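Here is the structure we will look at.
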Amino acid sequence: MAACVRRVGDGDQDAAQALVVHTRALVLKLVRAHRAATHSDDDLLQEVYLTMFARLHRYEARAQVPFEHWLARLAVNVCRDALRAERSRPRLQSLSPAAADQLAALQDGARRPADDAEAAREAVDALLGRLAPDDRLVLTLLDLEQRSVAEISALTGWSRPLVKVRAIRARLRLRALVGREPRP
Numbered sequence: 001m002a003a004c005v006r007r008v009g010d011g012d013q014d015a016a017q018a019l020v021v022h023t024r025a026l027v028l029k030l031v032r033a034h035r036a037a038t039h040s041d042d043d044l045l046q047e048v049y050l051t052m053f054a055r056l057h058r059y060e061a062r063a064q065v066p067f068e069h070w071l072a073r074l075a076v077n078v079c080r081d082a083l084r085a086e087r088s089r090p091r092l093q094s095l096s097p098a099a100a101d102q103l104a105a106l107q108d109g110a111r112r113p114a115d116d117a118e119a120a121r122e123a124v125d126a127l128l129g130r131l132a133p134d135d136r137l138v139l140t141l142l143d144l145e146q147r148s149v150a151e152i153s154a155l156t157g158w159s160r161p162l163v164k165v166r167a168i169r170a171r172l173r174l175r176a177l178v179g180r181e182p183r184p
């Protein structure tokens, strides 16, 4: 991988194509998990690769930071920037009747399994969409993707204690949105 990155830095188009092919699955997975509702996967994927090629000169091949980790962190940051941009442009979001029922069940404190997984996912996405980008990011990584605090720290550049604190505060804000507790 390091040789391929060096060749890309030297202007080798074939190496650039090989780098994109080799890393596409990783980047697409991250983009799909963290994209803003108003952006398509392809748009964010393109933005990640444009940013990668623009900043490739900053990457230094070191044993501690494999290229894939550097790229994953860059992809998460591009997605976070897109979430922040989306958050600055509020829009109305209508839920399907099934998703509205799921939200109502959450607000009533009902602990029943989701009858409709798609509606439950839509309800979760709607709630996460109302959170700040960093709150949404930490909850998605920690609770939905089941990543460790250490992994989240490596992806975001936050310290481990900061990841834990952000997760606690984000959960409190999420509960407040559902209507169970006052907002901190």
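With our numbering, the residue at position 100 of the sequence shown is 100, and numbering never jumps. Glycine residues also receive a C-beta, built at the ideal position from the N, C-alpha and C atoms. Computed from a predicted structure; not experimentally measured.
Given 8 Å, three or more beta-carbon pairs between the region 44-63 and the region 149-166: no
Option in Thr23, Ile152 and Asp81 with minimal Cα separation from Phe67: Thr23
Residue nearest to Leu174 in terms of C-alpha spacing, selected from Val124, Glu145, Glu151 and Arg160: Val124
Three-state class that DSSP yields for Ala132 in the structure shown: coil
Reduced DSSP secondary structure (H/G/I, E/B, other) of Glu151: helix
8 Å contact criterion, which Val20 and Tyr49 should meet: CB distance rounded: 6 Å
Candidates Leu44, Glu118 and Leu141: closest to Glu86 by CA position: Leu44
Counted within 10 angstroms of its Cβ, other Cβ atoms place Ile168 as buried (16 or more) or exposed: exposed
Buried versus exposed call for Asp41 [16 or more other C-beta atoms within 10 Å across all chains shown]: exposed
Where Glu68 falls: helix, strand or coil (DSSP): helix
Gln13, enclosing alpha helix (DSSP H) - first and last residue: Gln13 to His34
Whole-Å CB distance - Thr51 paired with Leu74, under 8 Å assumed: 6 Å
Check whether Arg186 and Leu144 have beta carbons under 8 Å apart: Outside the modelled stretch of the chain, which goes from 1 to 184, sits residue 186, for which no answer is possible.
N-terminal and C-terminal residue of the alpha helix (DSSP H) that Tyr49 is part of: Asp41 to Arg55
Close Cβ partners of Thr140 (< 8 Å) along its chain, the five nearest in sequence each way excluded: Ala33, His34 and Leu128
DSSP three-state assignment for Glu86, whether helix, strand or coil: helix
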